[in-house]
Amino acid sequence: MVQRLTLLLTLLTSVVVSAQDTTRLIRDADLAGNTDYVWSSDTSYILDGRVYLEGGSSLTIEPGTIIRATESATASTAAVLVITRDAQIFADGTAEEPIIFTSLRDTVGMEIELGTRNLWGGLVVLGRAPVSVAGGSTSIEGIEVIPGIPDDENRSIYGGDEADDNSGIIRYVSIRYGGASIADGNEINGLTLGGVGSGTIVDFVEVYANLDDGVELFGGTVDVKHAAVSFCGDDSFDYDLGWVGNGQFWFSYQGPPGSVTGRAGEHDGASPDNLRPSSYPTIYNATYVGIGADAVAADGDANKDKPIAVIFRDNAGGIYRNSIFTDFNGGAIGIEDLEDSQDDSFAKLLNDSIVIEDNIFFNFGDGDDPTDLFVAFRDRDLLVEGSTSDSVAARLGAVNLIVDPVLNQSERGDDGEGIDPRPNRDGVAASGAPAPVAGFDTVAYYGAFAPADLDLNTTWLEGWTFLATNDVLVNEILNSVGEVTDNGLLIASPFPNPATEQTTVQFELTQAAETSVQLFDFLGRSILNYRQKYAAGEQQLTLNLANVPNGTYAVVISTNNGGRVAQKLVIRR
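Read in order, the letters of the sequence shown are residues 624 to 1196 in my numbering.
What follows is the structure in structure tokens.
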């Protein structure tokens, strides 16, 4: 598990902070327009303040490069890397050598305490794809307009009429500990995509522990694939101003319990609401896991201590299919119904411009009845009683499943660690998902991850994300199929599995041995322990599970001869 180390004072920029050969400080004056730059993996780069890559320039970042950011005494000068319109970033990492944006505190051998946020700004990419605002372009959130400079030259402006605009590549990139605020309600997201076009590749991206939103899309046409957002202080995935791209394999994970958190999805349409086009993306295979159905989050504005998991407002539309929503302490889906306007998301629902179907919902704090899960709201969080909410509940309740998706491990420790978000191979989410439309990967499972038996010991998070490399997720998942042998000891899969009140473990010894049969949870705690001497040959033992909570466990058999084997057991009632 993640070590808890005392935070040290901000390091001097002259200190070498990693194993790289050299350290280079990057300030705004170090990047000019119409120039190509390469940041190499043998150099440690330190962002100091606002850094803009200006029009006509490109920045290539080699796999394995780490970019750290200084902290600032004033939020308005927080370190941010901004890729302006007509510039391009080629941050093309690999699973083995990801590109990491993080704080200067985050150095080799010095882990930052779980839940720390707001140590620097974030990564901002601006393009010329269409944006639904008056005039077709605007200044990006978190970065102010520079007075006296025309819009066409201002480095914070985004938007245009080039749907296929190409801002480069962001692939296998992890962004950690950001979200600095320049003013109340004006924060920097982990990854901000403003007017980014469909020629841009955004795939395999992580935002970890950002103070504000994880990934926010302001208009544009870019697709976002394999995206993981965890432990953020506000929303995981936020779109607005006419985003019409696609998303697939999205993972949102809230926490840790007791922290300030937001929604998995906050989806807005245009500004003003009646402007066209309004946001209308298509998203397949999301897995959104909340802070816990019974957990208490720190108080936030707009009732964000118990938020609706995903909301549609400001005339937003959109499609969610083949996804899993689970473990939130509030409701599931909220649709805005304005009292005196038809330019609202409720109208979008009625005309099928909001489509939420073939998804799985389970374990919400407000209840698991459709009327608890699917609601209409007004004035941000004020629920609308009566026929409107009844209509939302009836529509969404009829075309979605309200059932346990049976994740491999949904129970987690007090710090939020110890989850395995993959569907168990025997659960309802492991198969049967309808085939997606053209343009998406065709998979038969629900959610962002393949079931365990299809991809036994790994997910697409492995090797490059904070979540996987720092043991927030369970990394080693035991096989529950067939037999496992070691040093004269053989064990078959427990039966039944999944189990309810009891299960039988069958094993075989080649010689007599003192034998221990133990049941461990995925935090490593011993739940049951049977120890006795067995003769050589086939054996079986029935485990009483009546007092063991639902979850995923490991049955481990070990002998004094050095044999040790394990099988996975799921308890589901």
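Every residue gets a Cβ at the ideal spot worked out from N, C-alpha and C, and that includes glycine.
Predicted model only: the values in this text are computed from it and were never measured.
For the alpha helix (DSSP H) that residue i lies in, which residues bound it at each end?
| i | result |
| --- | --- |
| residue 964 | It is not in any alpha helix (DSSP H) - residue 964 carries neither H nor E in the DSSP assignment. |
| residue 1017 | 1010-1021 |
| residue 1091 | 1089-1092 |
| residue 995 | 993-996 |
Skipping 5 residues on each side, what residues in its chain have a beta carbon closer than 7 Å to that of residue i?
| i | result |
| --- | --- |
| residue 1166 | 1125, 1126, 1128, 1142, 1151 |
| residue 1211 | Residue 1211 is absent from the model: the chain starts at 624 and stops at 1196. |
| residue 740 | 800, 802, 832, 833, 834, 856 |
| residue 1137 | 1156, 1182, 1183 |
| residue 1120 | 1103, 1126, 1192, 1193 |
Can you check whether the CB of residue j is closer than 8 Å to the CB of residue i?
| i | j | result |
| --- | --- | --- |
| residue 991 | residue 1000 | no |
| residue 779 | residue 820 | no |
| residue 842 | residue 865 | yes |
| residue 688 | residue 748 | no |
| residue 800 | residue 750 | no |
| residue 952 | residue 988 | yes |
| residue 1169 | residue 1191 | no |
| residue 1052 | residue 1068 | yes |
| residue 679 | residue 710 | yes |
| residue 902 | residue 932 | no |
| residue 858 | residue 889 | yes |
Can you tell me whether residue i is buried or exposed, with buried defined as 16 or more other CB within 10 angstroms of its CB?
| i | result |
| --- | --- |
| residue 871 | buried |
| residue 659 | exposed |
| residue 974 | exposed |
| residue 926 | Residue confidence for residue 926 is low, a pLDDT of 47 falling below 50, so the modelled location carries little weight; the figure read from the coordinates is stated next. When all chains shown are included, residue 926 counts as exposed. |
| residue 968 | buried |
| residue 909 | buried |
| residue 1032 | buried |
| residue 1055 | exposed |
| residue 1183 | exposed |
| residue 657 | exposed |
| residue 1104 | Confidence at residue 1104 is low in this model, with a pLDDT of 38, below 50, so the placement of that residue is unreliable and no value is reported for it. |
| residue 1046 | buried |
| residue 708 | buried |
| residue 1186 | buried |
| residue 1172 | exposed |
| residue 918 | buried |
| residue 877 | buried |
| residue 677 | buried |
Taking the beta strand (DSSP E) that residue i belongs to, which residues open and close that run?
| i | result |
| --- | --- |
| residue 1144 | 1136-1144 |
| residue 749 | 746-749 |
| residue 654 | Segment: none, residue 654 is in no beta strand (DSSP E) and carries neither H nor E. |
| residue 864 | Premise fails: residue 864 is in no beta strand (DSSP E) and is neither H nor E. |
| residue 707 | No beta strand (DSSP E) contains residue 707, which DSSP labels as neither H nor E. |
| residue 910 | 905-912 |
| residue 1181 | 1174-1182 |
| residue 949 | 947-949 |
| residue 797 | 791-799 |
| residue 869 | 869-876 |
| residue 662 | 659-662 |
| residue 1127 | 1125-1132 |
| residue 1027 | Per DSSP, residue 1027 belongs to no beta strand (DSSP E) and is neither H nor E. |
| residue 943 | 941-944 |
| residue 1152 | 1149-1157 |
| residue 727 | Premise fails: residue 727 is in no beta strand (DSSP E) and is neither H nor E. |
| residue 752 | Residue 752 -> no beta strand (DSSP E), and no H or E assigned at all. |
| residue 1049 | Unbroken run through residue 1049: none, as it is neither H nor E. |
| residue 836 | Element bounds for residue 836: n/a, residue is neither H nor E. |
| residue 936 | 933-936 |
| residue 984 | 983-985 |
Report all residues from its chain with a CB closer than 6 Å to the CB of residue i; omit the five preceding and five following residues, and keep chain order.
| i | result |
| --- | --- |
| residue 942 | 905, 978 |
| residue 686 | 716, 717, 720 |
| residue 705 | 675, 747 |
| residue 744 | 701, 702, 703, 801, 803, 811 |
| residue 668 | 647, 649, 662, 690 |
| residue 1131 | 1113, 1161 |
| residue 1078 | At residue 1078 the pLDDT is 40, less than 50, meaning the model places this residue with poor confidence and gives no usable figure here. |
| residue 1180 | 1114, 1130, 1140, 1188 |
Since residue i and residue j are thought to touch, with beta carbons under 8 Å apart, how far apart are those beta carbons, to the nearest angstrom?
| i | j | result |
| --- | --- | --- |
| residue 817 | residue 844 | Going by Cβ atoms, the distance from residue 817 to residue 844 rounds to 12 Å, so no, they are not a contact pair. |
| residue 958 | residue 1015 | 5 Å |
| residue 911 | residue 854 | So it is not a contact: roughly 14 Å between Cβ atoms. |
| residue 850 | residue 884 | Not confirmed; about 18 Å, so no contact. |
| residue 1026 | residue 1114 | Wrong, their Cβ atoms sit about 31 Å apart, outside the cutoff. |
| residue 1082 | residue 1072 | 5 Å |
| residue 1057 | residue 945 | 7 Å |
| residue 993 | residue 1020 | 3 Å |
| residue 724 | residue 682 | Rounded, the Cβ-Cβ distance is 12 Å, inconsistent with contact. |
Distance cutoff 8 Å, beta carbons only. Does residue i sit that close to anything in chain C?
| i | result |
| --- | --- |
| residue 1035 | In the structure shown, chain C does not exist; there is a single protein chain. |
Within a Cβ cutoff of 8 Å, which residues of the same chain sit near residue i, ignoring the five residues on either side of it in sequence?
| i | result |
| --- | --- |
| residue 1028 | 947, 949, 983, 985, 1046, 1050, 1051, 1052, 1069, 1070 |
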